[in-house]
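The structure appears below as structure tokens.
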Amino acid sequence: GTGYFIAGLTNEGFYEFPEGKYGDIDQADPWFFKIDEKGNILKEVIFVNEGWDLFSEFIQTQDGGYLFGGMSDFMLSATKLDSNHELVWETKITKYQGSSQNMFELPNGGYLVVGKGYDDQKISYNAIVTRLSTTGTILWKREYGVPTMHDYIFEAIRTEEGDIIGVGRQDSINTALLYILKTNCMG
Numbered sequence: 002g003t004g005y006f007i008a009g010l011t012n013e014g015f016y017e018f019p020e021g022k023y024g025d026i027d028q029a030d031p032w033f034f035k036i037d038e039k040g041n042i043l044k045e046v047i048f049v050n051e052g053w054d055l056f057s058e059f060i061q062t063q064d065g066g067y068l069f070g071g072m073s074d075f076m077l078s079a080t081k082l083d084s085n086h087e088l089v090w091e092t093k094i095t096k097y098q099g100s101s102q103n104m105f106e107l108p109n110g111g112y113l114v115v116g117k118g119y120d121d122q123k124i125s126y127n128a129i130v131t132r133l134s135t136t137g138t139i140l141w142k143r144e145y146g147v148p149t150m151h152d153y154i155f156e157a158i159r160t161e162e163g164d165i166i167g168v169g170r171q172d173s174i175n176t177a178l179l180y181i182l183k184t185n186c187m188g
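Each residue of the sequence shown is one higher than the last, beginning at 2 in this note's numbering.
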């Protein structure tokens, strides 16, 4: 094989010290690296930004690059790297706290990002499906959920017909329900 890719976050102050104390977690940076079969690091990229950022998932794109989902300053975001691991673009999808769960490259170009984020009034979380162009422009964004509940998508798939099926949870203070979303390729 050719090795493994790993994505996440790094924060020098985030480790537990021998006395059981934790460092400052006010800043974290996305971290992406490739290792060989023996665990040796072949390539490592850390994106140093102000604030709290992380990559929670990624896909390799048809152009040989990578699309990362996660959060940037706690906002749902997507980040595109080229095949040399250089930043191409970053798009913040939500105004407030959010993160991505799944991403799909579309056969006719562009990407779908499935995640969660606060609504514009910061009242509740909504499930979010966003279509991005190949340059990271938001073409459309659809939010799903009930205003008085938090709606999460934990996992999503894209069917052969191009539909999105997501499963997650809908909850409030004293209720938690299974949440299933099915939508076509236009959200």
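Backbone N, C-alpha and C fix where the C-beta goes; we use that ideal spot for every residue, glycine too.
Note that this is a predicted model, so its numbers are computed, not measured.
May I ask which residues mark the beginning and end of the beta strand (DSSP E) holding residue i?
i, result
"Thr-184", "177-184"
"Leu-107", "Unbroken run through Leu-107: none, as it is neither H nor E."
"Pro-148", "Where Pro-148 is concerned, there is no enclosing beta strand (DSSP E), given that its DSSP letter is neither H nor E."
"Ile-124", "First-last for Ile-124: undefined, no H or E at that position."
"Ser-73", "67-73"
"Ser-78", "76-82"
Tell me which residues share the same chain as residue i and place their Cβ nearer than 6 Å to its Cβ, disregarding the 5 neighbours each side in the sequence.
i, result
"Ile-166", "Ile-158 and Lys-183"
"Thr-80", "Phe-69 and Glu-91"
"Asp-172", "His-151"
"Gly-163", "Cys-186"
"Ile-60", "Leu-68 and Met-104"
"Asp-83", "Gly-66 and Val-89"
Taking its Cβ as the centre, do 16 or more other Cβ atoms sit within 10 Å of residue i, making it buried, or is it exposed?
i, result
"Thr-92", "buried"
"Met-187", "exposed"
"Thr-95", "buried"
"Gly-169", "buried"
"Asn-41", "exposed"
"Met-131", "First, the residue type needs correcting, since residue 131 is Thr and not Met in the sequence shown. It is buried - the Cβ of Thr-131 has at least 16 other Cβ atoms within 10 Å."
"Val-147", "exposed"
"Asn-127", "buried"
Counting only beta-carbon atoms, is residue i nearer than 8 Å to chain B?
i, result
"Lys-35", "The question asks about chain B, but that chain is absent: this structure has only one protein chain."
Can you round the beta-carbon distance between residue i and residue j to whole angstroms, since I take them to be within the 8 Å contact cut?
i, j, result
"Gly-70", "Gly-116", "7 Å"
"Leu-55", "Pro-31", "6 Å"
"Ser-101", "Glu-144", "Incorrect: roughly 14 Å between the Cβ atoms, too far for contact."
"Thr-149", "Ser-125", "7 Å"
Please work out which residues of its chain come closer than 8 Å, Cβ to Cβ, to residue i, disregarding the five sequence neighbours upstream and downstream, and give them in chain order.
i, result
"Gly-110", "Ser-134 and Thr-135"
"Lys-22", "Residue confidence is low: Lys-22 scores 45 on pLDDT, short of 50, so the model does not pin down where it sits. Its coordinate-derived value is still stated next. Taken in chain order, the list of residues that qualify is empty."
"His-86", "Phe-33, Lys-44, Val-46 and Tyr-67"
Can you list, in chain order, the residues of its chain whose CB lies under 7 Å from that of residue i, leaving out five sequence neighbours each side?
i, result
"Pro-19", "Note that Pro-19 scores a pLDDT of 49, beneath 50, so its modelled location is shaky and nothing firm can be said."
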